[in-house]
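Below you'll find the structure, written out as structure tokens, and then a few comments.
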Amino acid sequence: MKRTSSTRFYMGFLAVLITLFAIYNFTVYTKTNPESDLLLSREAIKGEDLWQQNNCFSCHQLYGLGGYLGPDLTNTYSTDGKGEAYIKAFLNSGIKTMPKFNFTEKEKSNLVAFLKEVDQTGIYPNLNAKIEKTGWVTLEYKSQKAK
Ligand code: HEC
């Protein structure tokens, strides 16, 4: 069968589509997941377990979600005047309605690691977020904060 110029055109077009499909699949399935940067360290995962086992969420919030007897802890780690020693001081003291826990030094470090890594994910409340005229909200990110 003699190939007409239109069959050649369609064969060429098909080849282009197949190539694009191959490139698309390659990029989609070999791209590293941007979320993987957000995975917690081993230390922090142990801290998260302690956080759940001891019901910290019943009184505290992360990004505004949780119970409201105690303060939001999203950025406690990086707040001026707070940080590691400050957080540890609360854990076994029994202050106001916060129960007195009996964490070991290791467990305290794990909880601090958890709160530190949560802290690194963002700012809450995001007071410098800008609401554009289009209704789009641009958040302030940790990387933009002068500190
Ligand atoms: C029954 C409620 C309750 C539970 C459960 C609780 N807390 Fe608290 N927490 C509080 C209250 C109330 C305060 C505020 C105390 C104050 O300001 O004197 C507080 C304060 C804190 C602070 C200081 C926050 C700041 O910014 O000043 C940290 C850190 C903290 N808690 C961590 C934890 C962790 C971690 C757990 C779980 C292991 C936990 N809390 C469980 C009630 C609770």
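Numbering-wise, our numbering puts 483 at position 107 of the sequence shown, and it's gapless, one number per residue.
We put the beta carbon where it would ideally sit given N, CA and C, even for glycine.
Computed from a prediction, not measured in an experiment: that's the story for all the values here.
Contacts around residue i, its chain only, beta-carbon distance under 8 Å, and the 5 residues preceding and following it disregarded
| i | result |
| --- | --- |
| L491 | G423, L449, T452, Y453 and I463 |
| G446 | C435, H436, T473 and M474 |
| A466 | For the record, residue 466 in the displayed sequence is Phe; it is not Ala. Excluding sequence neighbours, F466 sits near M474. |
| Y444 | C435 and Q437 |
Residue i, buried or exposed, once every other Cβ within 10 Å from all chains shown has been counted against 16
| i | result |
| --- | --- |
| L396 | exposed |
| D495 | buried |
| V392 | exposed |
| L515 | exposed |
| G499 | A quick correction: the sequence has Ile, not Gly, at residue 499. It counts as buried. |
| L438 | buried |
8 Å contact criterion, which residue i and residue j should meet: CB distance rounded
| i | j | result |
| --- | --- | --- |
| N486 | L426 | 6 Å |
| G440 | F433 | With 8 Å as the limit, G440 and F433 do not qualify as a contact, their Cβ atoms being about 12 Å apart. |
Beta-carbon spacing of residue i, residue j below 7 Å
| i | j | result |
| --- | --- | --- |
| E481 | A420 | no |
| V488 | E460 | yes |
CA-to-CA distance, residue j to residue i, given in whole angstroms
| i | j | result |
| --- | --- | --- |
| F477 | A398 | 56 Å |
| R384 | I394 | 15 Å |
| T408 | N401 | 13 Å |
| D456 | T510 | 35 Å |
| G418 | N431 | Residue identity check: residue 418 is Arg in the sequence provided, not Gly. Distance between the alpha carbons of R418 and N431 is about 20 Å. |
| T497 | L416 | 11 Å |
| N502 | K458 | 19 Å |
| W512 | N504 | 14 Å |
| Q428 | G470 | 18 Å |
| Q520 | F479 | 35 Å |
| S382 | T403 | 31 Å |
Own chain partners of residue i with C-beta closer than 7 Å, once the 5 adjacent residues on each side are dropped
| i | result |
| --- | --- |
| F524 | There is no way to answer for residue 524, as the model of the chain reaches only from 377 to 523. |
| E483 | L426 |
| Y386 | none |
| K518 | Q496, G498 and I499 |
6 Å Cβ shell around residue i - same chain, five flanking residues per side excluded
| i | result |
| --- | --- |
| K506 | T514 |
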